[in-house]
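Here the structure comes first, spelled out in structure tokens, and everything after it is commentary.
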Amino acid sequence: MKNSRRDVIKKFVMAPFLLSFPNLWGTTAATVYRSKSNAQRLQYSVNAYSFNDEFRSGEMNLFDMMEFAADIGLNAVDLTAYYFSSYPNLPQKPEIFALKKRALELGLNISWTGIRNNFVTADKEARNQDIKMIKDWLDVSSDIGSSILRIFTGRNQPKGYTNAQVKTWLIDAFKECAQYGSEVGVIAALQNHNEFLFTADEVIDIIERVDSEWFGLILDISGLRTTSDPYAEAEKLAPYANYWFIKEHVYYNQVKTPTDMQKMAAIIKRHDFRGYVSFESLSDGNPKTIIKDMLAEFKKEYDKG
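Have a look at this one:
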């Protein structure tokens, strides 16, 4: 892909408008296009994994998380598969629709669902089973109104196989998932998660080789751990991002450092991103307080003139 998908979509959407007004071409057309593309519109979400301990202990459930998100002014929630009451079985329609209805009552979107898969295995049958699981959860995502499903590469590299061989497994699996996503209206999106693909260039290579509008990227700033400058890596990935994850920490060559919200806000603004930025807490402490503080700090930086 020479251009990012977002650039292509913008040009496609603007073309009929500009063609219908010939006098807008030239400098006027450029001005109109810039004013449209610069009308940034971020939405904010929270990822369910922030409350992993609370979910596991029974202190919270997905409905409680939605109440919290609405209370602090978020626009959406990320509902990870592990926390549905039926997991590891698929949720039944009553649970899906109850969550969907409660989100409506609270003025929230359910923007994201996510599962854990492993395509980095030589066991083809295991890979096929995970493709089936992803297709099932693409169906769930469609039913619940989510626009994107998070998927992974998988951990480790099987002995006796090269990176190039493993990447062909990834690409074949991702293509099949993306094709099914196109049929149910949900993007299958890779989260760079410090697993097998560690650099921006590796992630971009996979995205471009899958080459589907229904395969995307959930850009996880905390997943870029093998670089001396995670923000520079994020800058490379930004044109491909369908969704952003911001966590409390980034990593400089595996060394954990507090996230610089000023830098994060600047990258997202610079790339005219107009979608969801989700916050996730992985630290000890009260996750509600941490998420609330992260949101406030990011918004303060992003809303600066």
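Taken in order, the sequence shown gives residues 1265 to 1569; the numbers are from the working numbering.
Idealized CB from N, CA, C, for every residue including glycine.
Do the CB positions of residue i and residue j come within less than 8 Å of each other?
i, j, result
"Phe1460", "Val1384", "yes"
"Gly1487", "Asn1517", "no"
"Ile1398", "Ile1415", "yes"
"Arg1241", "Arg1534", "Given that the chain is displayed from residue 1265 to residue 1569, the structure contains no residue 1241 and the question cannot be resolved."
"Thr1344", "Gly1378", "yes"
"Val1310", "Phe1562", "no"
"Leu1559", "Tyr1346", "no"
"Leu1326", "Ala1340", "no"
"Leu1481", "Asn1506", "yes"
"Ile1468", "Tyr1504", "yes"
"Thr1521", "Thr1490", "no"
"Arg1366", "Met1330", "yes"
How far does the alpha helix (DSSP H) with residue i in it reach, from first residue to last?
i, result
"Arg1380", "Careful: Arg1380 lies outside any alpha helix (DSSP H) and carries neither H nor E."
"Asp1557", "1551 to 1566"
"Gly1445", "1427 to 1448"
By Cβ distance below 7 Å, which residues in the same chain neighbour residue i in space, the five residues on each side in sequence not counted?
i, result
"Lys1556", "Ile1336"
"Ile1485", "Pro1494, Ala1498, Phe1509, Ile1510, Lys1511, Val1514, Thr1523, Met1528"
"Asn1420", "Val1384"
"Ile1395", "Ala1437, Glu1440, Cys1441"
"Ala1391", "Sequence check: residue 1391 is Arg here, not Ala. Cβ neighbours of Arg1391 beyond the five flanking positions: Phe1383, Thr1385, Trp1433, Ala1437."
By the three-class DSSP mapping on this structure, what secondary structure does residue i have?
i, result
"Tyr1308", "strand"
"Arg1391", "helix"
"Asn1373", "strand"
"Asn1316", "helix"
"Tyr1516", "strand"
"Asn1506", "strand"
"Pro1355", "coil"
"Lys1365", "helix"
"Phe1332", "helix"
"Lys1500", "helix"
"Phe1479", "strand"
"Arg1489", "coil"
"Pro1522", "strand"
"Lys1423", "coil"
"Asp1469", "helix"
"Asp1548", "coil"
"Asp1536", "coil"
What residue range is occupied by the uninterrupted beta strand (DSSP E) comprising residue i?
i, result
"Gln1455", "1451 to 1455"
"Thr1463", "Looking at the DSSP string, Thr1463 is not in any beta strand (DSSP E), and its letter there is neither H nor E."
"Tyr1540", "1540 to 1544"
"Ala1340", "1340 to 1344"
"Arg1414", "1412 to 1415"
Using a Cβ-Cβ cut-off of 6 Å (strictly less than) and excluding sequence neighbours within five positions of residue i, which residues of its own chain qualify?
i, result
"Phe1479", "Phe1438, Ala1442, Ala1452"
"Ile1408", "Ile1360, Lys1364, Ile1374"
"Pro1551", "Ser1314, Phe1315, Ser1545"
"Val1450", "Leu1402, Ser1405, Ser1406, Leu1413"
"Gln1526", "Glu1565"
"Gly1549", "none"
Might you give, ordered along the chain, the residues of its own chain that have their beta carbon closer than 8 Å to the beta carbon of residue i, omitting 5 neighbours on each side?
i, result
"Ala1386", "Pro1422, Gly1424, Tyr1425"
"Ile1531", "Tyr1495, Ala1498, Glu1499, Ala1502"
"Asp1567", "none"
Roughly how many angstroms lie between the CA atoms of residue i and residue j, to the nearest whole one?
i, j, result
"Val1272", "Glu1477", "Caution applies to Val1272, whose pLDDT of 47 falls short of 50 and renders its modelled position unreliable; the value that the coordinates give is listed next. Answer to the nearest angstrom: the Cα atoms are 10 Å apart."
"Met1324", "Ala1428", "43 Å"
"Gly1371", "Arg1380", "28 Å"
"Ser1410", "Ser1350", "18 Å"
"Gly1418", "Asp1536", "31 Å"
"Asp1465", "Pro1358", "43 Å"
"Ile1554", "Tyr1444", "37 Å"
"Val1430", "Val1474", "14 Å"
Quick one: is the Cβ of residue i within less than 7 Å of any heavy atom of the ligand ADP?
i, result
"Phe1361", "Among the components modelled here there is no ligand, and therefore nothing to report on the ligand ADP."
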